[in-house]
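Under our numbering, the letters of the sequence shown match residues 1 to 256, in that order.
A virtual CB, placed ideally from N, CA and C, is assigned to each residue, including glycine.
Here's the structure, in structure tokens; my notes come after.
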Amino acid sequence: MTSSLALWTPEQTQLISTTIAPGCSADELRLFAYACQRTGLDPFSKQIYAIKRGGKMTIQAGIDGLRSIAERTGQLDGSETYWCGEDGQWADVWLGSKPPAAAKTIIHRKGASHPFVGVARFADYNAGQGLWSKMPAAMIAKCSEALALRKAFPADLSGVYSTDEMEQAIEPVTVTTTAAAAPALPAKAGDAKVFAAGKAAIAKADSLTKLEEVTARMEARKDDLSDEQYRQLLTLACEREDKLTAQVAEADPFDD
Numbered sequence: 001m002t003s004s005l006a007l008w009t010p011e012q013t014q015l016i017s018t019t020i021a022p023g024c025s026a027d028e029l030r031l032f033a034y035a036c037q038r039t040g041l042d043p044f045s046k047q048i049y050a051i052k053r054g055g056k057m058t059i060q061a062g063i064d065g066l067r068s069i070a071e072r073t074g075q076l077d078g079s080e081t082y083w084c085g086e087d088g089q090w091a092d093v094w095l096g097s098k099p100p101a102a103a104k105t106i107i108h109r110k111g112a113s114h115p116f117v118g119v120a121r122f123a124d125y126n127a128g129q130g131l132w133s134k135m136p137a138a139m140i141a142k143c144s145e146a147l148a149l150r151k152a153f154p155a156d157l158s159g160v161y162s163t164d165e166m167e168q169a170i171e172p173v174t175v176t177t178t179a180a181a182a183p184a185l186p187a188k189a190g191d192a193k194v195f196a197a198g199k200a201a202i203a204k205a206d207s208l209t210k211l212e213e214v215t216a217r218m219e220a221r222k223d224d225l226s227d228e229q230y231r232q233l234l235t236l237a238c239e240r241e242d243k244l245t246a247q248v249a250e251a252d253p254f255d256d
């Protein structure tokens, strides 16, 4: 983890910290560099970003970047996307005048005993502006595809979210004028029990799928953690992912 920034020159690191990953700490930049290295996506080509929101860093990539990662595995075996209205009837093309209620993408992976399905409800992801107003069917389809791709390729896409999935989380900026700056709030203490449970769950995860489930639960409880506790759990999860990925590679007799 500590050598991840060696991917970039000091000048490139400075550029990333001010344009592609603004507001991120040195440790968060290392995590971002690790994600770039793991996924093979190029931040300078705007394939991957680090977005700081609410004191937490989220790694985001365009849907083309996620597709590229899946393609590089050599295991992607096609996909289909469907839409439905409030009636729940799925169709392979959306012709309605109103936005679809949901989109479903099915990803096929070579050698897998079952397909991987991602379902995204329009109400959960709709940002209410921009392309979401102009192309609602296409936008919600990207979200369902991102969900399905992460299920199909957890070792490669765990923790990487599409920009389309996260767009609804962007809060509008309101500028106000005040007579004096408000006093800084004290740092959140964090729940020691939640932190300890997170560390134990990460250490206990014996597969990449289980580790992805742990990190998803960790994301759901991040409001109960201090920034430092959350950062430590992210680091532990990345290190655990490295070990599990290495174990999978060693166990695969057909791996070159």
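Practice prompt. Tell me, to the nearest whole angstrom, how far the beta carbon of residue 63 is from that of residue 142; I am working on the premise that it is less than 8 Å.
Written response: To locate residue 63, count along the sequence shown from 1; it is residue 63. To locate residue 142, count along the sequence shown from 1; it is residue 142. The beta carbons of residue 63 and residue 142 sit about 5 Å from each other, so the pair counts as a contact at 8 Å.
Practice prompt. Could you tell me whether the region 45 to 60 touches the region 107 to 123, using the rule of 3 or more Cβ pairs below 8 Å?
Written response: With the cut-off at 8 Å, the region 45 to 60 and the region 107 to 123 do not touch.
Discussion item. According to DSSP, simplified to helix, strand and coil, what is residue 61?
Written reply: On the sequence shown, residue 61 is found 61 positions in, with the first residue counted as 1. In the three-state reduction of the DSSP assignment, residue 61 falls in the strand class, which pools E and B.
Fill in: Three-way DSSP call (helix, strand, coil) for residue 199 in this model
Walking along the sequence shown from the start, residue 199 turns up at place 199. When DSSP states are grouped into helix, strand and coil, residue 199 belongs to the helix group.
Discussion item. Looking at the strands, I want to know which residues DSSP matches up with residue 91.
Written reply: Residue 91 sits at position 91 when you count from the first residue of the sequence shown. Answer by DSSP bridge pairing, in chain order: 83.
Discussion item. Rounded to whole angstroms, what is the Cα-Cα separation between residue 171 and residue 130?
Written reply: Numbered from its first residue, the sequence shown carries residue 171 at position 171. Numbered from its first residue, the sequence shown carries residue 130 at position 130. For residue 171, the pLDDT reaches just 43, beneath the cut-off of 50, and the residue's location in the model is therefore unreliable, leaving the point undetermined.
Item to complete: Inspect the beta-carbon positions of residue 29 and residue 13 and report whether they are closer than 9 Å.
Response: Here the question's residue 29 lines up with position 29 in the sequence shown. Here the question's residue 13 lines up with position 13 in the sequence shown. Taking 9 Å as the cut-off, the Cβ atoms of residue 29 and residue 13 count as close.
Worksheet item: Taking DSSP as the reference, what is the three-state secondary structure of residue 77?
Response: To locate residue 77, count along the sequence shown from 1; it is residue 77. Here residue 77 sits in strand by DSSP.
Item to complete: Would you mind reading off the limits of the beta strand (DSSP E) that contains residue 19?
Response: As a position in the sequence shown, residue 19 is number 19, starting the count at 1. No beta strand (DSSP E) contains residue 19, which DSSP labels as neither H nor E.
Item to complete: Would you kindly check if the distance between the Cβ of residue 68 and the Cβ of residue 41 is under 9 Å?
Response: Here residue 41 refers to the residue found at position 41 of the sequence shown. Here residue 68 refers to the residue found at position 68 of the sequence shown. Yes, the pair counts as a contact, with Cβ atoms nearer than the cut-off.
Item to complete: Report the option in 209, 207, 98 and 197 whose CA atom is closest to the CA atom of residue 218.
Response: Locating residue 218 in the sequence shown gives position 218, where the first residue counts as 1. For residue 218, the nearest C-alpha among the options comes from 197.
Worksheet entry | Enclosing alpha helix (DSSP H) for residue 105 [first to last residue] | The residue labelled residue 105 in the question sits at position 105 within the sequence shown. If you look at residue 105, you'll find it isn't in any alpha helix (DSSP H); it sits in the beta strand (DSSP E) that goes 102 to 109.
Worksheet item: Of all the options 66, 87 and 235, which has the alpha carbon lying nearest to the alpha carbon of residue 76?
Response: Against the sequence shown, residue 76 aligns to sequence position 76. Out of 66, 87 and 235, 66 has the C-alpha closest to the C-alpha of residue 76.
Discussion item. Here's the rule: buried if 16 or more other CB atoms are within 10 angstroms of the residue's CB, otherwise exposed. What is residue 18?
Written reply: Indexing the sequence shown from 1 puts residue 18 at position 18. The residue in question, residue 18, is exposed, as its Cβ has fewer than 16 Cβ neighbours within 10 Å.
Worksheet item: What residue does the beta strand (DSSP E) around residue 205 start on, and which one ends it?
Response: For the purposes of this step, residue 205 is taken as the residue at position 205 of the sequence shown. Annotation for residue 205: no beta strand (DSSP E) segment contains it, and DSSP assigns it neither H nor E.
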